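*Asks:* Could you have a look at this structure, given as structure tokens, before my questions?
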Amino acid sequence: MPKYLVIVESPAKAKTIKKFLGANYEVLASNGHVRDLPKSQLGIDIEHGFEPKYITIRGKGDLLAKLRKEVKKADKVYLATDPDREGEAISWHLSKALKLEEDKTNRITFNEITKNAVKSSIKEARDIDMNLVNSQQARRMLDRMVGYRISPLLWAKVKRGLSAGRVQSVALRIICDREDEINAFIPEEYWSLDGEFKAKGCKKPLNAKFHGDTHGKITIHSKEELEHILNEIEGAEFEVVDVKKSERVKKAPLPFTTSTLQQEAAKQLNFSTQKTMRIAQQLYEGVDVKGSGTIGLITYLRTDSTRISEEADASAKVFIGENYGADFLVQGDNTKASSKKIQDAHEAIRPTYVEQTPTRVKESLSRDQFRLYQLIWKRFVASRMASAKFETVSIKIEGNGYRFTTSTSNLLFEGFMTVYNDGEEDQEVNKDLNLITKETKLTVQGFEEKQHFTQPPAHYTEASLVKALEELGIGRPSTYAPTITTIIARRYVAKENKNLYVTELGEVVNHIMRQSFPSIVDVNFTVNLESLLDRVEDGAVNWKTIVSNFYPDLEDAVNQAEKELEQVTIEDEVTDVICEECGRNMVVKYGPHGKFLACPGFPECRNTKPYLEKIGVECPECKGDIVIRKTKKGRKYYGCENYPECEFMSWQKPSVEKCPKCGKILLEKGKNLVCIDNACGYVKNVKNIQNE
């Protein structure tokens, strides 16, 4: 009996695939890449055709020795790494490191880890696609050139440990540009005017917003303008001048791409991009599901296509027809054409088996796995369902030439919203509006005026930054999460309550990059490079042409910057905490486990202590500051800085607001502020409180 060897990247993937194949198949994992450019040097032979110098990654020697033994026993070797450029490159590096013979080596790919997909891929085995490999090599070398030529410059001019990355530098610039917009923003005053009317035959009052006059919309810029309008409509007779009833259709959402999954997981589950990708990887590689064994629950997670296979589409339609009825099936194809290059070999992210409902697999998944799987499953099923239908009623009310408007939407047919609701339609419905006609008599109940100021652009969140990177064409699905993770880890950007803020260090690095390497941080230049890498993948451009054209300009810019850039000093943040050993004010330092306090007198004084982050709330028991603490197992809680003398603690975050009933501290619980004293029972609903 012939013996076959299948090599994948991860042990979890190997375990899942092993169960689908016979006894004559051995499935082993390479644990990611086995070869890479050396860490100690650039690793590119500039003088001899820009040839990369690959070496075996430290620690992979024993694993490669084991793989070589298995290769000798095998009649055929199947390289089954992920179906993208990175996966193709890992397979190519494996073939080189293991010295595989071409006639016994096959490359197989599958978009989902299911029995049918894996077995079909073996029947459709192919050679390694060198265009994909070369595209990955070009990206890797461009990133290496930027990192290894610019980072030492940042070490010399700013501080050690900094890094410059080709895509991360552009992402940092985008965040800095938004910060500049926010800082330069000048708020403008405007006023809103709401009218409350009593309509004959209606139980609820009719609330309408000021729109303008018979000539069109009017924006109220000042109190004086508002007073003028109020004087004009004082005592006026108001009447209904127009009632429009129409039907609105809301189409089902498209299935998830990597970008939209990261955005929705952030919005609905409060997941970081990194967490979303980590959990999605687990669902893709395989989970032990009770009654089904180990199966991959979702398709490949790195994709920018919304395409769905015919088989998956047909399966979903049968499921929807049986569980919801024929009326809920979408008519036609719910896909979107894309003007930019997309990796259409991959489908959108979907469940591998639509029959594996979230309820059915819940017991087999961790809480976070279940929540992400449920989001993916619901989005996919919804994408195959009919549109939701609403009846909309719009009413115009006029008095003395001034107009107020109001509208409502009544759900006629739920369609896809039976399964998936993004929250956009969560609004109060006033069914009384259906009773109103032009003949309806109105009585003015009163007017409510409010002053407002225009708001600056919002700070980027991880989700909105991913959306911006995708829309601009910067990076690819596999790069979004690591890019954001890197700029946060390097402390160029701080993340607070989901928002991303540029640090002083980030501003300095961005300034240097814009001053000395304008093309590297230029959005259009980066987008053009991405399109050139796509053309390498298509076989239209030689990969070494891109690399050889890029390096000379980079080298000139680095040499120029070394001469012209001045030394920049980033001062440590000084605190009011006094060092017990020498009396100096301690400073905030960063270590592998985050912030800590250190004496600036190092090395004479080596005193350090934990950094306790204050939340700006006074301890109710001793008037000290409440700080964020962690248990031994890493769970966060809020305690007094004077512990152990003061033992105040709370699992929920204390608010700066005090209870209006008893004066005690309020705690943030979900969307409510709740009095710490249960006997008091005060609760205040507050939207947009961010759970830490």
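With the sequence shown counted from 1, adding 1408 to any position gets you the working numbering.
Note that beta-carbon positions come from the ideal geometry of N, C-alpha and C, so glycine has one too.
Computed from a predicted structure; not experimentally measured.
1) Indicate the three-state DSSP secondary structure (helix, strand or coil) for Asn-1615 in the structure shown.
2) Taking the DSSP output, what are the residues bridged to Pro-1460?
3) What residue from Glu-1642, Glu-1509, Ile-1803 has the CA that sits closest to Val-1852's CA?
4) Under 8 Å by Cβ, that's how I've got Cys-1584 and Asn-1905 pegged, so tell me the actual separation to the nearest angstrom.
5) By the three-class DSSP mapping on this structure, what secondary structure does Leu-1962 have?
6) Tell me the start and end of each unbroken alpha helix (DSSP H) in the segment 1656-1704 that is at least 4 residues and wholly inside, in chain order.
7) Looking at the structure shown, is Thr-1760 part of a helix, part of a strand, or coil, going by DSSP?
8) Going straight from the alpha carbon of Gly-1620 to that of Glu-1857, what length do you get?
9) Classify Lys-1749 as helix, strand or coil using the three-state DSSP reduction.
10) Does Met-1409 come out as helix, strand or coil in the three-state DSSP assignment?
11) Note down, one range per segment and in chain order, each alpha helix (DSSP H) of at least 4 residues found wholly within the segment 1584-1646.
12) Please report how far the alpha carbon of Val-1910 lies from the alpha carbon of Ser-1438, in whole angstroms.
13) Would you call Gly-1430 buried or exposed, if buried means 16 or more other Cβ atoms sit within 10 Å of its Cβ?
14) Identify every residue that forms a DSSP beta bridge with Val-2173.
15) Do you know how far the Cα of Ser-1448 is from the Cα of Gly-1353?
16) Applying the 10 Å Cβ sphere with the 16-neighbour rule, what's the burial state of Asn-1519?
17) Check each candidate in Ala-1722, Gly-1914, Asp-1551 and name the one with the smallest Cα separation from Val-1901.
18) Ignoring anything shorter than 3 residues, give me the beta strand (DSSP E) runs that lie fully in the segment 1456-1534, in order along the chain.
19) Taking the C-alpha atoms as reference points, what is the distance between Gly-1469 and Val-1442?
20) For Glu-1963 and Ser-1559, I'd like the C-alpha separation in whole angstroms.
21) By the DSSP assignment, the alpha helix (DSSP H) with Lys-1423 in it spans what residues?
22) Exposed or buried, what is Cys-2007 when buried is set at 16 or more other beta-carbons lying within 10 Å of its beta-carbon?
23) Any contact between the segment 1686-1697 and the segment 1771-1789? By contact I mean 3 or more CB pairs, one from each, below 8 Å.
24) Which of the three DSSP states is assigned to Ile-2023 in this structure?
25) Considering only residues of the same chain and omitting the five flanking positions on each side of Ile-2073, which have a CB-CB separation below 6 Å?
26) DSSP on Lys-2041, reduced to helix/strand/coil?
27) Do the CB positions of Thr-1405 and Thr-1893 come within less than 9 Å of each other?
28) Quick check: the Cα distance between Thr-1800 and Leu-1638, rounded to an integer number of angstroms?
29) Within 10 Å of its beta-carbon, does His-1501 have 16 or more other beta-carbons around it, so buried, or fewer, so exposed?
30) At what residues does the alpha helix (DSSP H) containing Thr-1800 begin and finish?
31) Have a look at Phe-1428 and Glu-1693 and give me their C-alpha separation to the nearest angstrom.
32) For Ile-1536, I'd like the list of residues in its chain whose CB is within less than 6 Å of its CB, leaving aside the five on either flank, ordered along the chain.
33) Relative to the alpha-carbon of Phe-1788, which residue among Thr-1765, Leu-1450, Arg-2014, Glu-1771 has its alpha-carbon at the smallest distance?
34) By the 10 Å Cβ neighbour count, where 16 or more other Cβ atoms means buried, how is Ala-1579 classified, buried or exposed?
35) Please report how far the alpha carbon of Lys-1997 lies from the alpha carbon of Arg-1586, in whole angstroms.
36) Looking at C-alpha atoms only, which residue of Thr-1714, Leu-1843, Glu-1645 is the closest neighbour of Phe-1664?
*Replies:* Straight from the coordinates:
1) strand
2) Ile-1452
3) Glu-1642
4) Not a contact, Cβ separation roughly 20 Å.
5) helix
6) 1666-1677, 1681-1693
7) coil
8) 15 Å
9) Low local confidence applies: a pLDDT of 45 at Lys-1749 is under 50, so the model's placement there is unreliable, with the coordinate-based value given in what follows. The answer is coil: DSSP assigns Lys-1749 none of H, G, I, E or B.
10) coil
11) 1631-1641
12) 38 Å
13) exposed
14) Nothing in the structure corresponds to residue 2173, since the chain is present only between 1409 and 2100.
15) Residue coverage of the chain in this structure runs from 1409 to 2100, which leaves residue 1353 outside it and unanswerable.
16) buried
17) Gly-1914
18) 1484-1487, 1513-1515
19) 9 Å
20) 13 Å
21) 1419-1426
22) buried
23) yes
24) strand
25) Pro-2028, Pro-2062, Ile-2084
26) Confidence in Lys-2041 is poor, its pLDDT being 47 and thus under 50, which makes the residue's placement too unreliable to answer from.
27) The shown model of the chain, from 1409 to 2100, leaves out residue 1405, and the question about it has no answer.
28) 29 Å
29) buried
30) Run containing Thr-1800: none in the alpha helix (DSSP H); it sits in the beta strand (DSSP E), 1796-1807.
31) 13 Å
32) Ser-1499, Trp-1500, Arg-1515
33) Thr-1765
34) buried
35) 27 Å
36) Thr-1714
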